[in-house]
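Down below is the structure, laid out as structure tokens.
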Amino acid sequence: MLSPSSSLVGAGIARLARAVSSGAASRAWLRGFGSTASSSDECIAKEARHGCANYAPLPVVLSKGEGCLVWDLEGKEYLDCLAAYSAVNQGHCHPKIVAALVQQAQTLGLTSRAFHNDKLGEYEEYITTLFGYDKVLPMNTGVEGGESAVKLARKWGYEVKGVAPNAAKVVFAANNFWGRTISAVSSSTDPESFGNFGPFVPGFDVIPYDSLDRLEQAVSDPNVCAFMVEPVQGEAGVVVPKTPQYLKRAKEICAKHDVLLIADEVQTGLGRCGSMLASSFDRGTRPDVVVLGKALSGGTYPVSAVLCDAPVMDVIRPGQHGSTYGGNPTAASVAIAALEVLIEERLCERSEALGKLLRSKLQAVAARDERIAEVRGRGLMNAVEIAETDSFTAWDLCLRLMENGVLAKPTHGNIIRFTPPLVISESQIDRLVSVFQQTLNESA
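Quick note: the sequence shown uses this note's numbering, first residue 152, plus one each step.
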């Protein structure tokens, strides 16, 4: 007997078959099935009809990208100032990364971890040497990296620190964002993320971001095994710590209480904040665990990684954690190429210099317009906070920016992020600021 899912698939096939023989209208529909839509409106309509409405994108349909530029289906050019939430730090369709992807995918794409492959060890040696950690756990998405870091911390807490069974705690900062899984939303303070998704994962404590006093109180609990934090909070609106040497001092507090510092560098790392790791902005800071993702593939493939030293990583043994795709040869080849691009093109240094330039120009605009409450950022991770009114919102401003050829997206209501690919040029920064000023004038 066919299962319900098999019956549904069979019914779908039957509908396709009937369309072949039931007249011109149905045959026309069949010809369009699976084909590229001819207009942006058609693409948006198909998403609305057949997809889960879990995003509220700007009404633009992109079909091509190169460097910092993208084009819609109708051929209009835009300056991308979101960079796929920092996944395309190296620019859209970087030729070296794409070549690594294509070459490896044509040779051997996936083996699972049931067998060794000839690329994984090379990648593991490369990334651990580059970042100065003993070992890496290869995963796919950023949230998988975060989940893996939490699992490592808990197991380390039981087997090394000596936390009582099932009593381990992990501390997070308020307004954190590291994904949408049950574990991730269990640590969230955003009602849109956790609303009606309970019950939640126990053993998570939340403290204010950028508060060393509250951190000290939290980690003094002997059951706490880790503090997981973003060096700069991305989804919260590019929140830069105001406490001098915040992360360095947080590491010192954690070390005093035998607690692991987990740096969530999925968005902030790999050049976004002007250095390979945003953690290194506070000199001398070496997190116990680092989570990477997004730009680890330059936007071509889901690749993430957890880095730490052997005393932490070695608590995981065969059969206790895994991923079918994690560490596959395609991912390994792409990640090496993506990291090499960051180094060869000096994109960290570029991010630092051009980020200062962008902020200075945006601050000059803000000084002349009281509707801009603040400009802040680090490297090329920047945000403009809007003093919203009923007639002037960040969403409306982003729609007008889109009409004028610049793509940006609000976060937390009144904050607009400007996080372009790190390959952006000075002339493109001038274009961004000019369009921003023009759009503000049009919105007056």
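Yeah, the Cβ is synthetic: ideal placement off N, Cα and C, and Gly gets one too.
Among the options, which has the Cα closest to the Cα of residue i?
i	options	result
L421	D433, G435, T436, M532	M532
V442	M379, G449, G388	M379
Q579	S594, A595, G556	G556
N327	K320, L271, K312, S344	S344
V301	V463, D269, Y397	V463
S214	D465, R497, S189, R551	S189
A377	S299, L508, L412, T475	L412
E495	G216, Q368, K247, Y452	K247
P208	F282, R522, K560	K560
Q241	T258, A196, A304, L220	L220
E310	E386, T258, K402, I467	I467
L230	H245, L558, R264	L558
V526	A538, D439, L513, S334	L513
Which value, in whole angstroms, describes the spacing of the CA atoms of residue i and residue j?
i	j	result
A488	I358	38 Å
E500	V314	42 Å
V375	S542	47 Å
K286	E276	8 Å
A319	F355	9 Å
L583	K227	16 Å
P392	D361	6 Å
F282	H243	25 Å
R200	Y206	14 Å
G528	G506	8 Å
A250	F323	39 Å
L591	A515	13 Å
S426	R497	10 Å
L181	K402	Here L181 scores only 48 on pLDDT, less than 50, and its place in the model should not be relied on; the value that follows carries that caveat. Approximately 60 Å, taken between the alpha carbons.
G450	G530	19 Å
R510	P373	42 Å
Tell me, which residues are paired with residue i by DSSP?
i	result
A456	P289, L443
I567	V535, P561
D356	V322
L411	A377
Check the C-beta distance from residue i over to residue j and give it rounded, since I have them as a contact under 8 Å.
i	j	result
V485	V454	6 Å
V211	D192	Wrong, their Cβ atoms sit about 11 Å apart, outside the cutoff.
I566	G388	4 Å
V457	G296	5 Å
N317	P480	Going by Cβ atoms, the distance from N317 to P480 rounds to 38 Å, so no, they are not a contact pair.
C459	L271	With a Cβ gap of about 18 Å, C459 and L271 do not count as contacting.
V370	V321	With a Cβ gap of about 10 Å, V370 and V321 do not count as contacting.
Compare the C-beta of residue i with all C-beta atoms of chain D and state if any pair is closer than 8 Å.
i	result
D285	Within the model displayed, chain D is absent; a lone protein chain is all it includes.
Going residue by residue through the stretch 181–248, where are the continuous beta strand (DSSP E) segments of at least 3 residues, counting only ones entirely within it?
213–217, 220–223, 228–231
Let me know the beta strand (DSSP E) ranges lying completely inside the stretch 314–348, each 3 residues or longer, listed in chain order.
320–324
As an exercise, report each continuous beta strand (DSSP E) stretch of at least 3 residues that is fully enclosed by the stretch 488–559, in chain order.
523–529, 532–537
Going residue by residue through the stretch 375–401, where are the continuous beta strand (DSSP E) segments of at least 3 residues, counting only ones entirely within it?
375–380
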